[in-house]
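Heads up, the thing below is written out as structure tokens.
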Amino acid sequence: MGSSSGSYDLSFKILLIGDSGVGKSSLLVSFISSSAEDLAPTIGVDFKIKQLTVGGKRLKLTIWDTAGQERFRALTSSYYRNAQGIILSMKQTLSIM
Numbered sequence: 001m002g003s004s005s006g007s008y009d010l011s012f013k014i015l016l017i018g019d020s021g022v023g024k025s026s027l028l029v030s031f032i033s034s035s036a037e038d039l040a041p042t043i044g045v046d047f048k049i050k051q052l053t054v055g056g057k058r059l060k061l062t063i064w065d066t067a068g069q070e071r072f073r074a075l076t077s078s079y080y081r082n083a084q085g086i087i088l089s090m091k092q093t094l095s096i097m
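Residue numbers (full-length UniProt numbering): 1 to 97.
Written out as structure tokens, the structure is:
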């Protein structure tokens with residue numbers, strides 16, 4: 001690794017997946033910038049980079065925010081290649097019987 005400020009010890013590609021409207025983009029923005037905001041639905045895919053230090057190692061997390069709409073399913077599955085992790089976001093619902 002180089003000595004520039006952009007160097008890191010480990011790099012991970014993480015996918016953020018789930019149905020449309022469950023809050024994937026809001027979760028990502030909150031993690032990256034420690035703020036919450038109303039966002040428009042993701043079209044296709046977007047990604048953000050977060051660098052952090054854990055146990056003395058500099059980590060680079062490239063987090064891919066995938067669209068939840070059915071029409072983008074074939075497109076988003078191609079982003080799974082070379083991913084080291086997946087965050088599955090789901091809407092919690094209460095069903096009363």
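The beta-carbon is built from N, C-alpha and C at its ideal position, and this holds for glycine as well.
Check, Outcome
"Considering only the beta carbon of each residue, do Gly21 and Leu88 sit closer than 8 Å?", "no"
"Determine the direct distance from the alpha carbon of Gly55 to that of Tyr80, and round the result to whole angstroms.", "27 Å"
"Can you tell me whether Ser7 is buried or exposed? The criterion is at least 16 other CB atoms within 10 Å of its CB, across all chains shown.", "exposed"
"Once you ignore the five residues that flank Phe47 on each side, which residues in its own chain have a CB closer than 8 Å to its CB?", "Thr62, Ile63, Trp64 and Asp65"
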